[in-house]
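For the sequence shown, our numbering gives the first residue as 540, with consecutive numbering after it.
Only one structure is covered here, and it is reproduced in the block below.
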Amino acid sequence: MTTLTQLEDLLLHSREEAKGIILQLRAARRQLEETNSKIQDPQQYQQNTLLIEAIDQAENIINTIYYRYHNCALVGGSEKMLS
């Protein structure tokens, strides 16, 4: 797992890497949401929902760090589209 310092270094030097990380997180979220729509087991649904929340937090951390270093948003607008 990447440490916060390593993540900061990565985001400091590469917008493309930051975009790539966000895209991977979004793909994981889509898979979890799709799986959740089919799950009948409440425990599995709850676990997937917690993972989705963790993904949201990870995206927020990445966007905050990126903004701190570059004074511009990696993700813009309410649709959260990558620019």
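Heads up, the beta-carbon is just placed ideally off N, CA and C, and yes, glycines get one too.
Which term fits residue i, buried or exposed, when burial requires 16 or more other beta carbons within 10 angstroms of its beta carbon?
{"i": "I566", "result": "Position check: residue 566 holds Ala in this sequence, whereas Ile was assumed. Classification of A566: exposed, given that the 10 Å Cβ count is below 16."}
{"i": "L613", "result": "buried"}
{"i": "L550", "result": "buried"}
{"i": "L589", "result": "exposed"}
Rounded to a whole number of angstroms, what is the C-alpha to C-alpha distance between residue i and residue j?
{"i": "P581", "j": "S553", "result": "40 Å"}
Classify residue i as helix, strand or coil using the three-state DSSP reduction.
{"i": "Q585", "result": "helix"}
{"i": "A628", "result": "Outside the displayed span of the chain (540 to 622) sits residue 628, for which this structure offers no information."}
{"i": "I601", "result": "helix"}
{"i": "D580", "result": "coil"}
{"i": "T542", "result": "coil"}
Within 8 Å of any Cβ in chain D, is that where the Cβ of residue i sits?
{"i": "T588", "result": "Looking at the structure shown, chain D is missing, and only one protein chain is on hand."}
Any chance the stretch 554-570 sits against the stretch 596-614, with 3 or more Cβ pairs inside 8 Å?
yes
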